[in-house]
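J.: For what it's worth, the working numbering labels the leading residue of the sequence shown as 139, then goes sequentially. If you scroll down you'll find the structure; I have some questions about it.
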Amino acid sequence: MDRPDDDDLVDVDLYDDGTFPEFGYNQAVGAVAVRAAVGGRGPVPPEGLATRRQLRAMGLSPGGHGPVARLTWRGGNRWAWLYRVDLAVPKRTPTLAQEMALDRAMAARSTCPLCRRRYHHCLPLRTLSSCLECHDGTPADPTSYIAPPEHGLAA
Numbered sequence: 139m140d141r142p143d144d145d146d147l148v149d150v151d152l153y154d155d156g157t158f159p160e161f162g163y164n165q166a167v168g169a170v171a172v173r174a175a176v177g178g179r180g181p182v183p184p185e186g187l188a189t190r191r192q193l194r195a196m197g198l199s200p201g202g203h204g205p206v207a208r209l210t211w212r213g214g215n216r217w218a219w220l221y222r223v224d225l226a227v228p229k230r231t232p233t234l235a236q237e238m239a240l241d242r243a244m245a246a247r248s249t250c251p252l253c254r255r256r257y258h259h260c261l262p263l264r265t266l267s268s269c270l271e272c273h274d275g276t277p278a279d280p281t282s283y284i285a286p287p288e289h290g291l292a293a
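Here it is, written out as structure tokens:
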């Protein structure tokens, strides 16, 4: 008879129900150190758990690793995934071409197609198709936009 190899055996935890461990406020491993690092009052801890926003504030990203626990508050109605800080990697910086593409996309969302003013906020182009001044005559604050160029010449 064939006997199973030791490589085929799997260690099974009888008490593991497959759910993530849940922590309340300040109960997760290294929670105080992570909050201090996010607030700029301490170094990035070498171990502990942090949410995605906390990792971003520390200049890190999960790095392809999945969550290891769950942070719950308000009686379990609100929750967030927790990631290991020691497995996190530095954030990727966008290339110049990516930054230019984002700038063009934001320019399209904040430029009125009628008066060609570029505002410092996104315009309701789907509903109004223009800025408020072009739509109904509501005057715009001159500090809220960049005036269009007087001419299209290069020099």
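Glycine is no exception: its CB is placed at the ideal position from the N, C-alpha and C atoms.
(1) Alpha carbon to alpha carbon, what distance is there between A235 and Y283?
(2) Grouping DSSP H, G and I as helix and E and B as strand, with all else coil, what is L193?
(3) Could you give the C-beta distance for L187 and V223, rounded to a whole number, given that I count them as a contact under 8 angstroms?
(4) Alpha carbons only, please: which of R255, L209, R247 and T189 is nearest the one belonging to G126?
(5) Check whether the Cβ atoms of C260 and S268 sit closer than 8 angstroms, and answer yes or no.
(6) State the start and end residues of the unbroken beta strand (DSSP E) segment that holds A218.
(7) Can you name the start and end residues of the beta strand (DSSP E) that A207 belongs to?
(8) Measuring alpha carbon to alpha carbon, tell me which of Q165, T265 and P280 ends up nearest H273.
(9) Would you call the CB atoms of F158 and A218 closer than 8 angstroms?
T.: Looking at the atomic coordinates:
(1) 25 angstroms
(2) helix
(3) 7 angstroms
(4) There is simply no residue 126 to check, as the chain begins at 139 and stops at 293 in what is shown.
(5) no
(6) R216 to R222
(7) A207 to W211
(8) T265
(9) no
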